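Residue numbers (our numbering), protein chains in the order written: chain L, 1 to 494; chain F, 1 to 494. Glycine included, C-beta positions come from ideal geometry on N, C-alpha and C. For clarity, every value in this text was computed on a predicted model and none was experimentally measured. See below for the structure under consideration.
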């Protein structure tokens with residue numbers, strides 16, 4: 001074996017152990033009884049430190065050095081570069097920190113599960129303080145090893161190459177654009193008839209059957225994946241076995257259905273990753289913003305569009321035995337594109353969603369930068385919401401406790417949601433302009449032209465290209481908010 | 001840290017990674033879509049080799065030697081001895097063999113899943129030949145390292161200290177006893193009215209609710225465990241999160257219910273293991289025969305007894321809205337203790353069950369001993385069944401393909417079923433003679449006196465004692481078939 005093929009074997013083991021960790025996470029979120037939490041935390045801590053040790057052993061550095069000397073093709077070269085990136089990030093941390101962080105994440109997440117329904121931020125604060133201290137330590141260690149600002153060092157784990165220096169102007173642009181735009185959208189919306197929610201209840205069995213039908217139409221392969229239930233919808237698993245989840249509300253089928261369509265977008269990306277590079281770093285999804293672009297492209301760009309509803313409205317009516325105006329395409333379209341400032345990020349429309357992200361982004365930069373403490377989060381949160389959306393949460397349950405991210409250790413993740421929304425608009429526009437049949441086929445329930453284009457331009461690329469290059473090859477330019485804004489204007493001011 | 005505490009930390013990691021492997025197995029058997037098989041095989045192979053490397057590193061040998069020099073209490077001493085046992089077994093194999101075996105097990109099991117419904121032994125034979133060659137290689141390597149006969153070296157993994165030299169006379173005794181005894185049982189049974197299966201169908205929701213009710217009555221804690229469905233019932237998980245499974249037949253509730261009660265016996269053992277020794281070798285269940293003794297004690301000794309049915313018959317009737325003679329205690333007792341030679345081990349009554357095990361035990365000894373090849377299994381199987389039970393399977397699906405064990409690599413496991421049946425009778429008799437209220441309380445649906453006794457005598461002992469010593473302390477003597485035979489005579493010739 002050459003140094004390079006030894007590295008491939010090494011990283012295969014590393015990534016496959018990470019897949020095992022993913023199975024444990026899926027299980028924890030969908031089926032694990034509450035009493036299993038502590039043992040599961042132990043299992044995750046041991047798996048994480050075992051993986052860390054595998055990557056940071058003395059052999060890896062030597063192999064990386066040797067492999068850099070030999071002739072490699074473009075994909076191998078990109079793979080080697082991703083290996084080095086992952087190795088650098090791992091060696092920045094010692095094993096004790098990896099273990100302490102894993103345990104603190106599990107403990108804080110457990111505390112949060114109790115604190116959230118009670119809206120009791122004080123109950124989670126002691127665990128959160130421990131976690132924040134370890135996250136800061138992690139950020140500092142990675143910052144030093146990678147020569148980055150601490151926040152960027154965290155962000156880089158989710159968004160390789162992502163930097164505040166590029167996000168800040170994008171977000172400032174949106175902050176300047178959105179408040180005034182929102183006012184015009186609400187005015188425009190007020191001139192149209194308000195949509196009505198079709199009369200429920202919507203039995204869960206019917207919602208589940210409809211979800212399966214829609215997933216199948218989009219190309220989800222149930223021999224290679226599942227739909228289950230969890231408190232928060234997510235997509236997990238591996239390309240050969242993609243696991244998505246949703247949660248059902250008998251009084252409103254739209255929230256569950258849109259979650260399913262969103263997660264199906266993630267799942268289709270995973271399924272389309274390059275099979276020749278399974279269990280290798282470049283075989284993985286490129287970044288969290290690109291992942292989110294694929295889920296939002298399906299959910300926001302496709303499934304909340306008129307062409308999609310031409311196909312879907314009759315299926316929705318049939319699923320619940322409904323007929324009449326409330327079930328027609330036009331009402332459903334207005335229902336699924338209704339704009340309304342609200343407290344909850346995951347329920348937000350695409351016009352107000354960036355504000356939710358910007359609030360979180362500011363706060364997490366301040367926390368990681370050390371200019372704010374965890375105890376100050378509730379007040380800063382409420383102030384941010386008031387400033388950006390004009391509303392104040394009545395309690396922390398609908399405020400700073402609503403998302404799991406900070407409490408399970410995902411600091412530096414939030415901006416990728418809005419980067420993904422911007423990318424989704426840019427990518428979908430490029431797809432439609434490359435293949436004029438995409439929209440007309442969607443109206444017939446045929447997603448193959450769209451998926452074929454996405455497969456080639458995004459999915460099958462894995463991580464072979466940096467994000468700006470991937471976007472440039474797919475859409476003609478790196479990320480900018482232009483198409484996103486045009487999309488919002490077209491949809492909400494028409 | 002002393003050498004001993006370092007070893008505790010080392011084995012904690014090793015065992016906790018094994019738990020992660022257990023989660024992957026549970027998932028594979030209950031929810032994994034078929035397309036996930038290959039990736040799952042990869043995950044299991046990597047986890048197994050990673051665990052193997054953890055145990056066989058140079059440090060472990062030194063630590064074991066140092067720890068043997070220092071003062072330890074009895075439990076620590078026993079723990080150290082179990083560590084050494086596990087280390088010796090692991091170091092007998094090199095990593096390539098561990099990986100090859102894991103992959104061959106996954107491949108052969110996958111082939112078997114297709115071959116079994118089709119009854120097509122030829123379809124699984126190529127994979128089985130590969131697997132048998134690797135199992136023989138494993139047996140030879142372990143035999144050499146441990147100074148054991150190759151079959152004993154495999155058996156010892158499931159039944160520490162178990163040897164053919166002790167099993168053979170026990171099984172010969174049963175072989176001499178059972179055929180004549182079976183004749184008398186069938187004669188006796190013919191003189192009583194034949195039981196009737198209460199009229200079905202039995203909706204699965206009702207069977208599931210009844211199973212939950214019975215499990216709760218027995219003390220199964222649903223905050224620390226689950227009941228799910230799988231092709232073959234099993235008990236997996238960890239003491240804090242015990243996962244049992246069953247499968248439902250709408251035409252017969254007894255098979256599913258008895259499987260649930262059997263697996264609940266396994267689960268209660270796991271739940272009762274000593275919490276102070278979690279993630280340590282002596283904190284684990286003692287052996288497969290002791291595990292099976294706990295499941296059979298609950299299923300066969302308790303739940304197929306008259307006192308249990310005094311409690312359970314009304315619940316069963318209520319679960320399915322049934323009333324009348326078919327649902328009464330007396331009919332259900334005759335139904336659940338009906339003896340009838342059949343083809344399928346898992347459906348066998350306790351009188352004919354040992355014959356199923358003896359057929360398999362003979363064959364696996366011959367295969368491991370090299371006097372028989374995998375290709376000869378179907379003919380030898382049919383001959384064995386004809387000789388011991390007087391019946392010949394119409395095809396391999398109901399013959400040598402019926403059990404997963406050989407096809408997923410569990411060679412040397414089968415005798416523990418009958419050792420467990422013998423132990424169950426011996427342990428239950430000791431429990432009843434130690435506490436006269438056990439039987440009367442069972443009739444009222446109160447299992448606490450039984451569980452308290454089992455908890456002290458068996459469960460909380462973990463692996464601190466060798467099997468013969470555990471049985472001697474609990475029942476006054478090591479394993480012998482006397483009480484088992486008396487139990488059969490009392491129940492089936494009364």
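Its chain contains 95, 98, 99, 102 as the residues whose beta carbon lies nearer than 8 Å to that of residue 49 of chain L, once the 5 sequence neighbours on both sides are disregarded; these appear in chain order. Looking at the DSSP output, residue 235 of chain F bridges to F/244.
For residue 228 of chain F, the enclosing beta strand (DSSP E) begins and ends at 225-229. The Cβ of residue 215 of chain F sits no closer than 8 Å to any Cβ of chain L.
Here DSSP, grouped into helix, strand and coil, assigns residue 376 of chain L to helix. Judged by beta-carbon spacing, residue 24 of chain F lies within the 8 Å limit of residue 20 of chain L, meaning their Cβ atoms are closer than that value. Under the Cβ criterion of 8 Å, residue 20 of chain F is counted among the residues facing chain L. A distance below 8 Å between beta-carbons, with the five flanking residues on each side excluded, links residue 273 of chain F to the following residues of its chain, in chain order: 239, 283, 284, 285, 459, 460, 462.
With a cut-off of 8 Å on Cβ pairs, the segment 376-386 of chain F is not in contact with the segment 332-339 of chain F, counting fewer than three such pairs.
Put simply, the CB of residue 230 of chain F is far from chain L, with every gap to its CB atoms at 8 Å or more.
Of all residues in the segment 36-56 of chain F, only 36, 38, 39, 42, 43, 46, 47, 50 come within less than 7 Å of chain L when Cβ atoms are compared, listed by chain position. Taking the CA atoms as reference points, residue 137 of chain L sits about 21 Å from residue 161 of chain L. Residue 412 of chain F has its alpha-carbon roughly 57 Å from the corresponding atom of residue 419 of chain L. By the rule that beta-carbons nearer than 8 Å mark a contact, residue 63 of chain L does not touch chain F. In the three-state reduction of the DSSP assignment, residue 148 of chain L falls in the coil class.
Residue environment analysis places residue 409 of chain L among the buried positions, since at least 16 neighbouring C-beta atoms fall within 10 angstroms of its C-beta.
Interface annotation for the segment 238-250 of chain L against chain F: 238, 240, 241, criterion Cβ-Cβ distance under 7 Å. Sequence-distant partners of residue 4 of chain L (beyond 5 residues in either direction) whose C-beta falls short of 6 Å from its own C-beta, in its chain, are 67. Residue 331 of chain F: member of the alpha helix (DSSP H) spanning 329-336, first to last residue. Within its own chain, the residues whose Cβ lies closer than 8 Å to the Cβ of residue 151 of chain L, once the five positions on either side in sequence are excluded, are 139, 164, 364, 365, 368, 369, 412, listed in chain order. Burial state of residue 133 of chain L is exposed, judged by a 10 Å Cβ sphere holding fewer than 16 other Cβ atoms. As the crow flies, the alpha-carbon of residue 434 of chain F is around 19 Å from that of residue 444 of chain F. The beta carbon of residue 212 of chain L sits no closer than 8 Å to any beta carbon of chain F.
A direct Cα-to-Cα measurement between residue 425 of chain F and residue 213 of chain F gives close to 26 Å. Here DSSP, grouped into helix, strand and coil, assigns residue 76 of chain F to helix. Against chain L, a Cβ distance below 7 Å from residue 31 of chain F picks out 226.
Counting only the Cα atoms, residue 291 of chain F lies some 9 Å from residue 267 of chain F.
Taking residue 442 of chain F as the centre and dropping the five residues before and after it, the same chain places the C-beta of 302, 305, 307, 308, 311, 450 closer than 8 Å to its C-beta, in chain order. For residue 177 of chain L, the enclosing alpha helix (DSSP H) covers residues 164-190. Look at the segment 270-300 of chain L: the residues with a C-beta under 9 Å from a C-beta of chain F are 278, 279. Between the beta-carbon of residue 262 of chain F and that of residue 230 of chain F there is about 14 Å, and that puts the pair past the 8 Å contact cut.
Short of 7 Å from the beta carbon of residue 398 of chain L, and not among the five residues preceding or following it, lie these beta carbons of its own chain, in chain order: 343, 344. In this structure, residue 146 of chain F sits away from residue 157 of chain F, with a CB-CB distance that is not shorter than 8 Å. Only exposed fits residue 493 of chain F, as fewer than 16 other CB atoms lie within 10 angstroms of its CB.
With its beta carbon at least 8 Å from every one in chain L, residue 220 of chain F lies outside the interface.
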